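Participant: Next up is a structure, given as structure tokens.
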Amino acid sequence: MDIEFIRLRKRMLRLLFAIGFVCNGWFLIFESTSGIITARDAYVTYPSVMFIYAAGFFVIELGDRWRAATEWLAFLSFCANCASGVLSFTAADEPVRYYAIADTLQWIPLISIIAFMIFPGRQSVVASVVGFLIPAGTAGWVWWGSDAATWPATTSTLLFNALVIHVVSVAALVLFSHSQAAFQQARAEARMMESAALSDPLTGIANRRGIERALETQTAASVPRPWALILLDMDHFKMVNDERGHVFGDRVLQNVVNALRPILRGGDVIGRWGGDEFLVISPGAPAAEAEALAERLRQAVAGLPEDDSGGVTISVGIALWNGEGGLVEALRQVDAALYRSKQMGRNRVVFA
Numbered sequence: 001m002d003i004e005f006i007r008l009r010k011r012m013l014r015l016l017f018a019i020g021f022v023c024n025g026w027f028l029i030f031e032s033t034s035g036i037i038t039a040r041d042a043y044v045t046y047p048s049v050m051f052i053y054a055a056g057f058f059v060i061e062l063g064d065r066w067r068a069a070t071e072w073l074a075f076l077s078f079c080a081n082c083a084s085g086v087l088s089f090t091a092a093d094e095p096v097r098y099y100a101i102a103d104t105l106q107w108i109p110l111i112s113i114i115a116f117m118i119f120p121g122r123q124s125v126v127a128s129v130v131g132f133l134i135p136a137g138t139a140g141w142v143w144w145g146s147d148a149a150t151w152p153a154t155t156s157t158l159l160f161n162a163l164v165i166h167v168v169s170v171a172a173l174v175l176f177s178h179s180q181a182a183f184q185q186a187r188a189e190a191r192m193m194e195s196a197a198l199s200d201p202l203t204g205i206a207n208r209r210g211i212e213r214a215l216e217t218q219t220a221a222s223v224p225r226p227w228a229l230i231l232l233d234m235d236h237f238k239m240v241n242d243e244r245g246h247v248f249g250d251r252v253l254q255n256v257v258n259a260l261r262p263i264l265r266g267g268d269v270i271g272r273w274g275g276d277e278f279l280v281i282s283p284g285a286p287a288a289e290a291e292a293l294a295e296r297l298r299q300a301v302a303g304l305p306e307d308d309s310g311g312v313t314i315s316v317g318i319a320l321w322n323g324e325g326g327l328v329e330a331l332r333q334v335d336a337a338l339y340r341s342k343q344m345g346r347n348r349v350v351f352a
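All residue numbers in the sequence shown are consecutive under full-length UniProt numbering, ending with 352.
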């Protein structure tokens, strides 16, 4: 699941937990002062659900692995709250019973919202529709089965609020779903465009712009130093292109990259630095390890069959950079090391 979406869900849960805590606290005070509260609600229901809401508000901050647990905690807590209200329908005289029914309906929309978050796809739609039918059906039953003129004003207000809040909640959920889908699509397209801009379409590795971005990113991050910069150049590649054509030359480039990739360490980055040049960034590699890595890369290409490589080899230059002197100077040093490798007969590794 997308990280931003998870963060949004966590914010929604925190809001719902806060609403549950504040509203239950208010109803506890209101019903206590009005003399319409039952002993079970006063000493069990309200204190219990308020504790659950308060705990859920803080538990969700412990990490993403608690997200699903807190979603279910919120859902079951609101359900328990409504169930308690249903149990109190017959525990009081008629005006108080109407109030209890209307009060319970207030929480149905919140149950539907959380169900919409928890259940996937069509199940969330079903939960939302059922959540609307419950308050609508119950309100209709209460309305037609009793004399509304005898209701306290709070009962009518609560029933009306339950229906209006649910309609608004469903509309908000639909808007949220469409917005999230549009956001995910736009984000996927942006990532695709960024990947295309930073990668080499022929070999699939980073292009020069992509490798420069990797250098900038690692420069800003706290990564192990020194870095080994390993610059590789294919020997006599122009001759392969001239004699066997550019289609075969493109295939040679792909085969060389495929031979280099398995040799790299987990944190290493490789990119196409030029036409037939490749730059490897190897963070935290000391001199001996960098030289051994470069030699393995050279041997991997030298060991390719003639039909795959066209007989090309690679010359390799290495430079270590500890962050001092600037990245431009480090790149100049590795380029000079590669030039010396070419001068010394090619198909060899030379340190700066």
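Backbone N, C-alpha and C fix where the C-beta goes; we use that ideal spot for every residue, glycine too. Keep in mind it's a predicted model, so treat the numbers as computed, not measured.
#1: Taking the straight line between their C-alpha atoms, what separation do you get for residue 73 and residue 23?
#2: Taking the C-alpha atoms as reference points, what is the distance between residue 314 and residue 202?
#3: So who's on the other strand from residue 278, going by DSSP bridges?
#4: Any beta-carbon of chain C closer than 9 Å to the one on residue 276?
#5: Among 339, 213, 311 and 216, whose alpha-carbon lies nearest the alpha-carbon of residue 252?
#6: Starting from residue 283, follow its DSSP beta bridges and name the residues at the other end.
#7: Assuming residue 318 contacts residue 337 under a Cβ cut-off of 8 Å, what Cβ separation, rounded to an integer in Å, is found between them?
#8: Following the continuous alpha helix (DSSP H) through residue 240, name the residue where it begins and the one where it ends.
#9: Using 8 Å as the threshold, is the segment 224-243 in touch with the segment 274-288, meaning 3 or more CB pairs across them?
#10: Any contact of the segment 291-308 with the segment 260-272, i.e. 3+ C-beta pairs under 8 Å?
#11: Could you say which of 217, 259 and 271 lies nearest to residue 204 if we only look at CA atoms?
#12: Would you tell me roughly how many angstroms separate the C-alpha atoms of residue 32 and residue 14, rounded to the nearest one?
#13: How many angstroms separate the CA atom of residue 242 from the CA atom of residue 308?
#14: How many Å lie between residue 304 and residue 322 at the Cα?
#15: In terms of alpha-carbon separation, which member of 326, 27, 52 and 350 lies closest to residue 216?
#16: For a quick check, are the C-beta atoms of residue 276 and residue 237 less than 9 Å apart?
#17: What are the residues that DSSP puts in a beta bridge with residue 317?
#18: Taking only heavy atoms of the ligand NAD into account, decide whether any of them is closer than 8 Å to the Cβ of residue 274.
#19: Should residue 185 go down as buried or exposed, given a rule of 16 or more other Cβ atoms within 10 Å for buried?
#20: Measure the alpha-carbon distance for residue 62 versus residue 21 and round it to whole angstroms.
#21: Roughly how far, in whole angstroms, is the beta-carbon of residue 316 from the beta-carbon of residue 298, given that I think they are within contact range, below 8 Å?
#22: Take residue 330 and list the residues in its own chain whose beta-carbon comes closer than 7 Å to its own, dropping the five residues that flank it on each side.
Facilitator: Reading off the structure:
#1: What you label residue 73 is simply residue 73 of the sequence shown in a count that begins at 1. What you label residue 23 is simply residue 23 of the sequence shown in a count that begins at 1. Roughly 17 Å separates the two Cα atoms.
#2: Taking the sequence shown and counting its residues from 1, one reaches residue 314 at position 314. Taking the sequence shown and counting its residues from 1, one reaches residue 202 at position 202. Taking the straight line from one Cα to the other gives about 19 Å.
#3: Here the question's residue 278 lines up with position 278 in the sequence shown. Beta-bridge pairing links residue 278 to 232 and 272.
#4: In the displayed structure, chain C is absent; only one protein chain is listed.
#5: Walking along the sequence shown from the start, residue 252 turns up at place 252. Comparing Cα-Cα distances from residue 252 to each of 339, 213, 311 and 216, the minimum goes to 311.
#6: Here residue 283 corresponds to residue number 283 of the sequence shown, with the count starting at 1. Answer by DSSP bridge pairing, in chain order: 227.
#7: Along the sequence shown, read from residue 1 onward, the residue named residue 318 stands at position 318. Along the sequence shown, read from residue 1 onward, the residue named residue 337 stands at position 337. Confirmed, about 6 Å.
#8: Stepping through the sequence shown from its first residue, residue 240 is reached at position 240. Looking at the DSSP string, the run of the alpha helix (DSSP H) that includes residue 240 is 237-244.
#9: yes
#10: yes
#11: To locate residue 204, count along the sequence shown from 1; it is residue 204. Cα-wise, what sits closest to residue 204 is 271.
#12: To locate residue 32, count along the sequence shown from 1; it is residue 32. To locate residue 14, count along the sequence shown from 1; it is residue 14. Residue 32 and residue 14: Cα-Cα distance of roughly 27 Å.
#13: Counting from one through the sequence shown, the residue named residue 242 turns up at place 242. Counting from one through the sequence shown, the residue named residue 308 turns up at place 308. Each residue's Cα considered, the two are about 16 Å apart.
#14: Residue mapping note: residue 304 aligns to position 304 of the sequence shown, counting from 1. Residue mapping note: residue 322 aligns to position 322 of the sequence shown, counting from 1. So the two alpha carbons sit approximately 34 Å from each other.
#15: As a working mapping, residue 216 is identified with position 216 in the sequence shown. Of 326, 27, 52 and 350, the residue nearest in Cα terms is 326.
#16: Here residue 276 is taken as the residue at index 276 of the sequence shown, counted from 1. Here residue 237 is taken as the residue at index 237 of the sequence shown, counted from 1. Cβ distance < 9 Å, so residue 276 and residue 237 count as in contact.
#17: For the purposes of this step, residue 317 is taken as residue 317 along the sequence shown, with counting starting at 1. For residue 317, which the question treats as bridged, DSSP gives the partners 231 and 350.
#18: The model depicted lacks the ligand NAD and carries no ligand whatsoever.
#19: Counting from 1 along the sequence shown, the entry for residue 185 is found at position 185. It counts as exposed.
#20: Mapped onto the sequence shown, residue 62 falls at position 62. Mapped onto the sequence shown, residue 21 falls at position 21. Residue 62 and residue 21: Cα-Cα distance of roughly 19 Å.
#21: For the purposes of this step, residue 316 is taken as residue 316 along the sequence shown, with counting starting at 1. For the purposes of this step, residue 298 is taken as residue 298 along the sequence shown, with counting starting at 1. Indeed, because the Cβ distance is near 5 Å, the residues count as touching under 8 Å.
#22: Along the sequence shown, one-based indexing puts residue 330 at 330. 229, 319 and 321.
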